[in-house]
Each structure stands twice: as structure tokens, then as C-alpha cells.
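Everything on this sheet refers to the single structure shown next.
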Amino acid sequence: MSFVMTSPDQLGPILKGLRKARALTQLEVARQSGLTQKTVSLLETDPARCRVDTLARYLATVQATLSLDLNAPAAAPDDEAW
């Protein structure tokens, strides 16, 4: 399963989807990751304020990884076409 995220608003639903794909409850993720259930809930509903180490613990628990890709720069217009 792979996701492309283009805005911060997409992170919460993606995290929730990953958790549900593993058939885990928020409480199970909390217990297995050492986070509180409230923190797990906040990651899924308001992830903009989450810490990277907290996100990493969540992802490890749901057996997911974070991948960042560098997009290719936009192609310059072909001057010869004019």
C-alpha cells in the first residue's frame, strides 16, 4: 500500500487507514507503541502538531515506513518550438 501526500490535511486519514489495515484499535497502537490513546487519536485527527519521533513510533507499530521523494523540476519551455 502506498500513499502520496500533497497536503498536511491528508496525514491523519492516511494514518487511520494504515491502522485499520492492520486491524488495530487506537488503544492497541497506544499500548504497543508506548503512546497514550489520546496521542494516537491526535495523530489521526490533528497531525499538524505531532513530533517526528511520535510519528515514527506510530508508523513502526503499524509496520509502515515514511518515504520522501524529490520531485523533478518542471521542464523549461523549449525555446526552439517558438
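Mapping to full-length UniProt numbering: the sequence shown position 34 is 34, numbers consecutive. Cβ atoms here follow ideal geometry from the backbone N, Cα and C, with glycine treated the same way.
| Asked | Found |
| --- | --- |
| At the level of alpha carbons, what is the spacing between Gly-17 and Phe-3? | 10 Å |
| Judging by CA-CA distance, which residue of Val-62, Leu-66, Ala-75 and Asp-69 is the nearest neighbour of Gly-34? | Val-62 |
| Taking Gly-34 as part of the alpha helix (DSSP H), name the residues at either end of that continuous run. | Where Gly-34 is concerned, there is no enclosing alpha helix (DSSP H), given that its DSSP letter is neither H nor E. |
| For the putative contact between Thr-54 and Leu-68, defined by C-beta atoms under 8 Å, what is the C-beta separation to the nearest angstrom? | The Cβ separation is near 18 Å, so there is no contact. |
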